[in-house]
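See below for the structure under consideration.
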Amino acid sequence: MTEPFRPSLLLSMPQMQDPNFARTVVLLCDYSPDGAFGLVLNRPTEMAATSMVTLEPPVEDGNSMPLWLGGPVEPQRGWILVNRAPDVEFKPISDGLYLSTSPSLLRRVLETKPAPRARVLAGYAGWGPGQLDEELAQSAWLMSDIDLDLIFDVEPATMWETAIRRLGADPATLTTGHGVH
1 MTEPFRPSLL LSMPQMQDPN FARTVVLLCD YSPDGAFGLV LNRPTEMAAT
51 SMVTLEPPVE DGNSMPLWLG GPVEPQRGWI LVNRAPDVEF KPISDGLYLS
101 TSPSLLRRVL ETKPAPRARV LAGYAGWGPG QLDEELAQSA WLMSDIDLDL
151 IFDVEPATMW ETAIRRLGAD PATLTTGHGV H
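Numbering (our numbering), first residue to last: 1 to 181.
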């Protein structure tokens with residue numbers, strides 16, 4: 001990594017065999033010589049986030065927003081992605097995309113009806129020093145600019161293919177050489 005880091009999307013290549021990352025779109029939030037941090041964006045669960053999140057007092061009469069699997073690391077840890085800068089502590093990811101762990105924001109997101117343009121995610125994707133560099137060198141990932149429409153409006157089942165097609169590639173023609181992971 002020689003250029004300054006700019007958050008982006010990672011799109012797994014077809015040879016990605018790790019079930020946690022096969023056909024995934026990952027929001028790469030942080031990337032440095034110390035490692036990388038991202039959130040898988042296209043893995044919704046069948047459960048409403050309100051039924052999986054523990055807040056005190058409990059959320060009553062919340063919306064039906066699903067809980068998303070942000071990755072295999074620390075699945076008990078929660079993240080909130082929103083499209084407007086919140087009035088609580090947050091990390092700006094890009095214009096119109098903000099990341100927070102605030103319990104008060106979580107409550108507002110879960111109680112707003114209809115559900116806001118947001119994601120509640122459990123867990124994250126993490127890479128140790130040099131690990132993502134090696135995977136990128138092996139062509140395990142394509143990198144793409146952040147696209148808010150893709151994140152919030154495209155169905156999760158078609159997000160990976162849509163993202164690759166927006167890069168001008170046909171997923172069926174991508175090399176599926178030897179496996180990664």
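Quick reminder that beta carbons are idealized off the backbone N, C-alpha and C, glycines included.
Work out the CA separation of residue j and residue i for me, nearest whole Å.
| i | j | result |
| --- | --- | --- |
| residue 57 | residue 169 | 48 Å |
| residue 9 | residue 163 | 9 Å |
| residue 149 | residue 6 | 19 Å |
| residue 128 | residue 134 | 11 Å |
| residue 171 | residue 32 | 29 Å |
| residue 109 | residue 103 | 10 Å |
| residue 28 | residue 42 | 13 Å |
| residue 86 | residue 46 | 27 Å |
| residue 44 | residue 52 | 13 Å |
| residue 84 | residue 107 | 16 Å |
| residue 120 | residue 48 | 10 Å |
| residue 4 | residue 156 | 30 Å |
Spatial neighbours of residue i within its chain, please: CB distance less than 6 Å, with the 5 preceding and 5 following residues excluded, ordered by chain position.
| i | result |
| --- | --- |
| residue 22 | 16 |
| residue 20 | 72 |
| residue 132 | 36 |
| residue 62 | 50, 110, 111 |
| residue 181 | At residue 181, the pLDDT of 44 sits below 50, so the modelled position is not reliable and the matter cannot be decided from this model. |
| residue 113 | 63 |
Taking the Cβ atom as the reference point for each residue, do residue i and residue j lie within a distance shorter than 8 Å?
| i | j | result |
| --- | --- | --- |
| residue 38 | residue 124 | yes |
| residue 160 | residue 67 | no |
| residue 79 | residue 50 | no |
| residue 105 | residue 146 | no |
| residue 59 | residue 118 | no |
Over the uninterrupted alpha helix (DSSP H) stretch that includes residue i, give me the two end residues.
| i | result |
| --- | --- |
| residue 80 | Note, residue 80: premise wrong, no alpha helix (DSSP H); beta strand (DSSP E) at 73-82. |
| residue 151 | 148-153 |
| residue 134 | 131-137 |
| residue 158 | 156-166 |
| residue 46 | Looking at the DSSP string, residue 46 is not in any alpha helix (DSSP H); the run it does join, the beta strand (DSSP E), is 44-48. |
Using a Cβ-Cβ cut-off of 8 Å (strictly less than) and excluding sequence neighbours within five positions of residue i, which residues of its own chain qualify?
| i | result |
| --- | --- |
| residue 75 | 69, 122, 123 |
| residue 167 | 11, 142, 144 |
Taking 7 Å as the cut-off, is the C-beta of residue i nearer than that to any heavy atom in the ligand ATP?
| i | result |
| --- | --- |
| residue 116 | With respect to small molecules bound, the structure shown includes none, and the ligand ATP cannot be examined in it. |
So, at 7 Å on beta carbons, what are the nonlocal neighbours of residue i in its own chain, with the 5 sequence-adjacent residues on each side left out?
| i | result |
| --- | --- |
| residue 13 | 139, 140, 141, 142, 174 |
| residue 154 | 162 |
| residue 115 | 63, 64, 65 |
| residue 40 | 24, 26, 69, 70, 71, 125 |
With respect to the beta strand (DSSP E) encompassing residue i, which residues constitute its N-terminal and C-terminal limits?
| i | result |
| --- | --- |
| residue 119 | 118-127 |
| residue 88 | Element bounds for residue 88: n/a, residue is neither H nor E. |
Can we say the region 83-94 touches the region 132-141, given the rule of at least three CB pairs closer than 8 Å?
-> The region 83-94 makes no contact with the region 132-141, as fewer than three CB pairs between them are under 8 Å.
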